Structures are given as C-alpha cells and as structure tokens.
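Chains as they are written, first to last, in the UniProt record's numbering: chain A, 1 to 374; chain E, 1 to 560.
Below is the structure:
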C-alpha cells in the first residue's frame, strides 16, 4: 500500500469549483465510511445517518459544523467538521429512521418487512445509541414501513408499509391508538403529519389519503393526478397547506391540501435517470422558502424549483438552483457505476441550507445563493 | 509471560499534554512530552511524580521518543529534561529536531515576555535539552498526528501490516468527520477574492513552514485562472528559511512536491513577489504572507497595526494561536487591543480563522488501524464517556483499552526471538555422536547466546568477549574394599561399568586409567588399609551428571 496520489491543484480549480465561490455561501463536503439512505434531524444542530448494507450497520448522530451555525461570529469559528456525538449498531440495514420530537427516541425500519426497531439516542453522559425494543409490523409485506411522528404528550409513532395497514402506536405500551380504514393494499411512498392530528398517507401509485387520528371517519381520498405508475408526494404544513405530487416521468402537480381534487398548478420537469423504486426519489417542500421545493433522483443532482411562476397548464420548468457537487466529485473516482443521490433534507429554519447524501458515502452540507438576487 | 505495560501520564482520557510511559522488555520509554495548552498552572505538564515522587528521572527512563513538534507533544520537554531532570537519550526525526527548538523558543518567549510567567524553562534550557537529542530516520520511528489523505507537502500516512502487540491511538479526532480539503481551500479563496474585489488588503500571518507554501501555490494558480491583477507578497525571511528547510528535508515530502521542487524552484512565482515593508502603505488591494504566525511580534504585527483600522481589510489566521498573543486575542473576538505605550488599536478589519490542521478523522483512523492489524488497541486523548462508541466499534475487530492518566494497562505478549546457530557449534554437536537432531527428541547442548548475531561455540564467544576460558573439573575420592592389585581392581571396574553403562563409551587405557566419556577413573592403594583402594574420579563440568552417578555407583562396591 503506497501513498494516495495528491490531487493536482489545477484539477481542483475546475469550473464547478470556481462557480461555487459565487453560487454557495457555505459548502461542506464529507465522506462517511458507509453511505446513508437517511438524514433525519434530531435537533436544530444534529442529524442521524445510518448504513443500509445487508449486515451490521452503524447509526450515527452527527453535530453539524459549528462554523455553519455560527452567524455573526462565523469568521472566528474554524470548526468545519461533523462531530459524531452518538453512535450505535444495527443488526440489519436502516432504510427509514424517524426521530420522535420531544424525546431522545428514534424508530427505524429495515426495508425488508414492516417491523420497527426502537432506539435511545443517548444523553450527555454517554455516546452510545442503544436499541431499546421493537414493534411488530402492521402487515405481512416485503416492502419497508414509512414512519411519521410529531410532538405529542406521550411518544407515538405513525407507521405502515401499505395503505390498508397504517396505524398510530403508543411507544411505551405498544397500544394501537388509531387505524387508517382503507381497503386498498397499495404500498406507501410516504407518511407525513400535516398538523397535530391530520396526516397524509401517500401511495406509490399516486393516490393520497388525508386522515385525522381523532376520528374513525373514512379519510379523504384523492386519485392519482396523472398517468404514471410511480409517484412521490410531500405536503407543506400550515399556512401554505400545499401538496406536491411528482411522477417518475417528471410530471409535477401542486394542489391545495383542502382541495386535493383540483390542481393549483402543474409543470413538466426534466428527467435524466429513470427512477424505478420508491426510495430512488426524494421530494421536499422548503420549510422556510415559500413555494419552493427540492427533488433528487431525477438526475444526478439536487434540484430546487420555485413554483411561483407555475400555471394550471403544464409547462416545462427549469430549476432555480442545482447542486451538482455529488456528481462532480465522483468524476475523480475510479469510473465505476455512476453515483446517485440517496436522500436530501432542508434545515428546518435556515432558508437555504440543505444536506444531501449519495451512494458513494458522500454527504454535502450547502447553503446556496439565490441566483436571482445576484 | 512477558508483559508490555502502558501508562498515560497525560492525554489518558483528556486532551493535551501527551505523555505515555511504556515498559517493554525491561526498558522504560516515555512517548512524547507535551504541554496542555488549556492550563496555566502545573496541570499543563504531565504528572511525572508517577515515575518518581521527587528527584531526577534519568535512572527510571531508558529513553524519550518525541513523535512530532506540535506543542501538545513536545512542549514540556525542556521542563522535563532540565527542571525535573533527565539526562538520557531523546529520540526524534531530523525535521522534528530542527523545528522543535524554534517552536519551543517562540512559545517560551510568549509565555514569559507576554504573560509574565516566572516558573518556566529558559532559552538555555531549551538548548541544553536539544543537546540530548539523537535524530533518527523514518523507519525507526513513526510520525504522530497522522492523516490518511495527503497534504500537499507530506505524503499520506500508510503503515505496514506490522501486527504490533499494541497500537496506541488518540481518539479525539476519531469522532470527527472532516470537511474536505477542497472546501477549506474554497473558503480561503472565497474570502481572499471577496476582500480583493472590494479593494481591501489581506494579511496572512504564517509560520515559516507548512501552510505558507501550500497557500501560495493555491493562490498563484487561482490568480492565473481568474486573471487577477492584485499583488501578492511573500516576506523574504520566509522564503530563505523555508527554502533551507525544504532542501534539508525534501525526502520527507511527497512525490508531487519533490517533482515540483526539482523541476522549478518552488518559490519562483509569477504573481507572488518578495515583500518590502514600504509596500504596506501602497493603496489598493493586495495579499501579504508574513511571519510570525501568531501576530505576537515582527513584520506581521507591523502590517496588522497599519491595516487593522480599515473594515475593508482582512486578516486570515491559518492556525492555532497561543494564549497571550494578539492572534489569540482577536480570534476570541477582541476588537480593542492594548498596545505598547498604552495606546489602543481598534480592530475594524475582518478576522477569519481557518483550520488547515493535519489531523485524521474517523474514517482515516479506522483505515490505519485495519492496515496495521494490532493485537491490542489503546485509546488516549479523549474523554471516557465520549469514547464508548468508538471503543465498541474497534472491539468488533480488536481488543481495546482506554486507560485514564496514571492507570496502567498490561498486555501479555509472546515475543519469540529467532536465533541462528554457528556452523562450528553445529558440526561439533554432530561429531560428538549420538542421534541426529530430532525435534521430537530434544537434546541439551551447551553454547553461548550473543544477542547481536547468532548462537556460537563457547570458544568463539570467549574470543569475542575477550575472556579466558576456565575449565571446571570435579574430583571425587571413593573408598573401596578390594584385596586385589591396583590393576586388577581397575580391570574389574572396567568390566563392571561396561555391563552397567552399555550406551556409553568406556575405555581401559594403557596409562592405567578407565575413561567413561570424559570421566577419568584411577585406582591407587589406600595408605591406611592394605585391602582398601582409593578410586579417584575426575570429570569436567559438562559431565557432571554422569560423574556424580558414577561416584554413587562405585560407592556401592563392585560385584564379586
């Protein structure tokens, strides 16, 4: 084993790098030992990542670089690294991880069946993440469960692998507090709370159910907004109450949560890859940028769109901003299989800060500059 | 079972003052002798009282090994050798020996002159300490503070699959995931560019070596790429010193640097010129690299004083600043500085702290551990509560210990020492007869082991050691009742022994003796008793067992 070749300075100063001086306020690039498919906020400063290989995997809670979070004193802070504040081991892959707000609990699913594992993320006196128990799955399925949680007085988790088997379970007792009454056994692409009690169960075929855990009344169902086999959905909370549905062919449909049948606006996005599995694509509304959403998995980039100019008739839409960091870095690799972005998230408060992860183990933290303000 | 004992005196479960005692093969070794930069009292030094409560350390230590010149690994060395007392050898690499005294003197000056400390080592002590240093080459020692991705200057750390009994590693950075070098450089270029674009000046205080050259190469390439015109200056003192050191230590740098240095003088830049202090007053944007690195004196401080009042300007601190320096103060956010003569300086320029430090991270440390494949891992330099996950992770593959300061970890080893045998000795053993060497039938042999080479014959050992050979012979008198003549008795002895000792060489010699192997038996008549015989047995040390057997046998008398 000899020296790793030093990278030529000229290689570094490539077009993307030079461009990045103006297009990003902050840019951090990390290399995890193992790639992650999940990035989950556990506080305003910490995220969890975890491996998804078939054997034993690590779950890590990382503290974001202090430099990123220091606002006025940014210049005086040299700390650019992630700090592993807690770590633990999972016997199998971690395909979904949800933090229970207000607790130090997390719930995971391995993507192989619908069972859930429960974890204690650890406090200040320890750096170990420990498994505390498990919850049996809600259905016999070969796809993984989606998981959702929101702040509540006693820790609860909403979970299910398909639309007929969604339930709200109390963590301490294992008691089922609510069940979604739907006959269709369509696999779910996401589960999300839109208020303290209302949630959206989105199916891979594009059907969306809006339900309330307080009532046993049947949910409002909204059929797929277009012709396509595979859809992803995200909902933004009040006051926007927008729902976006995106198909694998690039059709984007924005609706109002209170009127799911009608479309507020549509657009056609450019698709470079051909996503085939639910975990290939991530669609998220920006929490602090009105009308903006991000998507990864349609190309090798994370794309940010602004729906402000969209109309009822579908038109081609161009992204407001694209993060090409993952594909650019991978060109320096050994030319093997192209990498793909496994997931991305927005910072809950900082308007333009995102984290993205790719199949090569890279994790990027970036704060982009709105090109329209330049 | 031979043990290796490891006791951290500093950096066991805390960060700073690296100092680890190792007892191995009967020797006591001190690894590193660092200063804890966070304390101003005795807590900044390792606790040497563990070695001996008072008095000098010379008799208790066989040697000291210093891994590298960072102050948290060598900062307490002059204190230990000159104030506590140690006169034995201190080992370090050539570059470390060259750079250590400079850093120690700088550090001493700041601590004593700026902070007014009195109980501190003097310049003379640093000099006396360095006289005890024996410089070594790389294969005799391994760098500390390693990094798995290459610095532009140093190569990436790599290690043979040496399978050590113990691998000692710090853990602080094992829970860090480092931002890429590319992004650090991006931030540096972005800050410089933004300042230049608004017409400001950038001051970069640097130490003579290391970052300065790397940042220069980066800026030069960037200037070329972006077609920038603002001047970049490099203080000449820096160039000379750096050139000098690079020529001395070129073999320690990586392939790329070596190539660059050979192909062109690394300091012949197109956009970077030698600095003259009058340039500091020139209008317009510029970038200046100047020493010293912590802004505590000299040219960098002069320039800082001129530029501090303008908010368009920037100072970029590329490394750690010791307490007491202006660098440390401005990095702590101080915007008003008290200068000599009671004047105050308003700090209006932008202050940027950039870390280009060379530590490894989680991935790098695990890679290195897996490459070396130790039998045992020992973690130092971290807090116990924050190392449990790392310990668990390492324990998936290796034994792992994490002792606190003053706690000893003992690891058993099985050191096998392969030894050759000299041809003469082997031949002699063959000549003595008996069965051929057989691993299932071990046979005792005599020789002298000289650890430097091989197993040799005693004669050769004596010759090499300059000693005279001494022969040890035992004699024994046995009284026998036997009326026969001396020669008859002797013959009877001969016959008796031949029947009893069938496997041995027994000879009846014409000079009136019987020999069993090398044992000589003589018979003479007793002076007091006509029917008694006195047998004289004599044998050499090698036949002691047989000799004493024979004497017991003969004491029983002869068969009739």
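No residue lacks a Cβ here, since even glycine has one placed at the ideal position from N, Cα and C. Treat the numbers as computed from the prediction; the structure is a model and nothing was measured.
Residue from the options with nearest C-alpha to residue i
i, options, result
"residue 360 (chain A)", "A:84, A:368, A:337", "A:337"
"residue 550 (chain E)", "E:113, E:500, E:313", "E:500"
"residue 206 (chain A)", "A:117, A:217, A:187", "A:187"
"residue 223 (chain A)", "A:241, A:267, A:184, A:62", "A:184"
"residue 139 (chain A)", "A:242, A:180, A:268, A:81", "A:180"
"residue 474 (chain E)", "E:200, E:284, E:519", "E:519"
"residue 127 (chain A)", "A:99, A:89, A:113, A:195", "A:89"
"residue 166 (chain E)", "E:97, E:472, E:404, E:375", "E:375"
"residue 297 (chain A)", "A:276, A:148, A:70, A:29", "A:276"
"residue 22 (chain E)", "E:55, E:61, E:486", "E:61"
"residue 350 (chain A)", "A:64, A:55, A:59", "A:64"
"residue 211 (chain A)", "A:163, A:175, A:229", "A:163"
"residue 74 (chain A)", "E:353, E:227, E:484, E:274", "E:353"
"residue 172 (chain A)", "A:165, A:155, A:125, A:166", "A:155"
Residue-level contact to chain A via CB, residue i, 8 angstroms cutoff
i, result
"residue 397 (chain E)", "no"
"residue 270 (chain E)", "no"
"residue 401 (chain E)", "no"
"residue 389 (chain E)", "yes"
"residue 71 (chain E)", "no"
"residue 177 (chain E)", "yes"
"residue 140 (chain E)", "Only weak support exists for where residue 140 (chain E) lies, its pLDDT of 48 falling under 50; the value from the coordinates is given anyway. Chain A, which has no Cβ nearer than 8 angstroms to the Cβ of residue 140 (chain E), makes this no."
"residue 128 (chain E)", "no"
"residue 202 (chain E)", "no"
"residue 180 (chain E)", "yes"
"residue 143 (chain E)", "Caution applies to residue 143 (chain E), whose pLDDT of 45 falls short of 50 and renders its modelled position unreliable; the model cannot decide the point."
"residue 355 (chain E)", "yes"
"residue 88 (chain E)", "no"
"residue 38 (chain E)", "no"
"residue 167 (chain E)", "no"
"residue 352 (chain E)", "yes"
Contact under 8 angstroms by Cβ, residue i with residue j
i, j, result
"residue 47 (chain E)", "residue 9 (chain E)", "yes"
"residue 62 (chain A)", "residue 177 (chain E)", "yes"
"residue 25 (chain A)", "residue 284 (chain A)", "no"
"residue 319 (chain A)", "residue 305 (chain A)", "yes"
"residue 111 (chain E)", "residue 105 (chain E)", "no"
"residue 348 (chain A)", "residue 287 (chain A)", "yes"
"residue 497 (chain E)", "residue 516 (chain E)", "yes"
"residue 563 (chain E)", "residue 535 (chain E)", "The displayed coordinates of chain E run from 1 to 560. Any statement about residue 563 (chain E) would go beyond what the structure contains."
Integer-rounded CB distance, given that residue j should sit under 8 angstroms from residue i
i, j, result
"residue 355 (chain E)", "residue 78 (chain A)", "4 angstroms"
"residue 410 (chain E)", "residue 174 (chain E)", "Rounded, the Cβ-Cβ distance is 23 angstroms, inconsistent with contact."
"residue 66 (chain E)", "residue 33 (chain E)", "7 angstroms"
"residue 36 (chain A)", "residue 324 (chain A)", "Not really, about 20 angstroms apart at Cβ, beyond 8 angstroms."
"residue 90 (chain E)", "residue 134 (chain E)", "7 angstroms"
"residue 440 (chain A)", "residue 53 (chain A)", "Residue 440 (chain A) lies beyond the stretch modelled for chain A, which goes from 1 to 374, so this question has no answer here."
"residue 344 (chain A)", "residue 302 (chain A)", "5 angstroms"
Any non-hydrogen atom of the ligand SAH within 7 angstroms of residue i CB
i, result
"residue 62 (chain A)", "Inclusion of the ligand SAH in the displayed structure is not the case, the ligand content being empty and no account of it being possible."
Chain E residues whose Cβ lies nearer than 8 angstroms to that of residue i
i, result
"residue 321 (chain A)", "By Cβ distance, chain E contributes nothing, its closest Cβ being about 17 angstroms from residue 321 (chain A), past 8 angstroms."
"residue 91 (chain A)", "Going along chain E, no residue has its Cβ under 8 angstroms from residue 91 (chain A), so there is no contact; the nearest lies around 13 angstroms."
"residue 108 (chain A)", "Within 8 angstroms Cβ-Cβ: nothing; residue 108 (chain A) doesn't reach chain E, min ~17 angstroms."
C-beta neighbour in chain E for residue i, strict 8 angstroms
i, result
"residue 18 (chain A)", "yes"
"residue 344 (chain A)", "no"
"residue 87 (chain A)", "yes"
"residue 52 (chain A)", "no"
"residue 355 (chain A)", "no"
"residue 45 (chain A)", "no"
"residue 371 (chain A)", "no"
"residue 132 (chain A)", "no"
"residue 31 (chain A)", "yes"
"residue 125 (chain A)", "yes"
Contact set between residue i and chain A, taken where Cβ atoms lie within less than 8 angstroms
i, result
"residue 192 (chain E)", "None at all; the shortest Cβ gap to chain A is about 10 angstroms."
"residue 361 (chain E)", "81"
Interface residues of chain A facing residue i [CB-CB closer than 9 angstroms]
i, result
"residue 290 (chain E)", "Near residue 290 (chain E) there are no residues of chain A at all, since even the closest Cβ is about 20 angstroms away, more than 9 angstroms."
Interface residues of chain E facing residue i [CB-CB closer than 7 angstroms]
i, result
"residue 28 (chain A)", "179, 183"
Within chain E, the residues that residue i reaches when beta carbons sit closer than 9 angstroms
i, result
"residue 128 (chain A)", "388, 389, 392"
Item to check | Residues within the segment 61-79 of chain A neighbouring chain B, beta-carbon criterion of under 8 angstroms | outcome: No chain B appears in this structure, whose protein chains are A and E.
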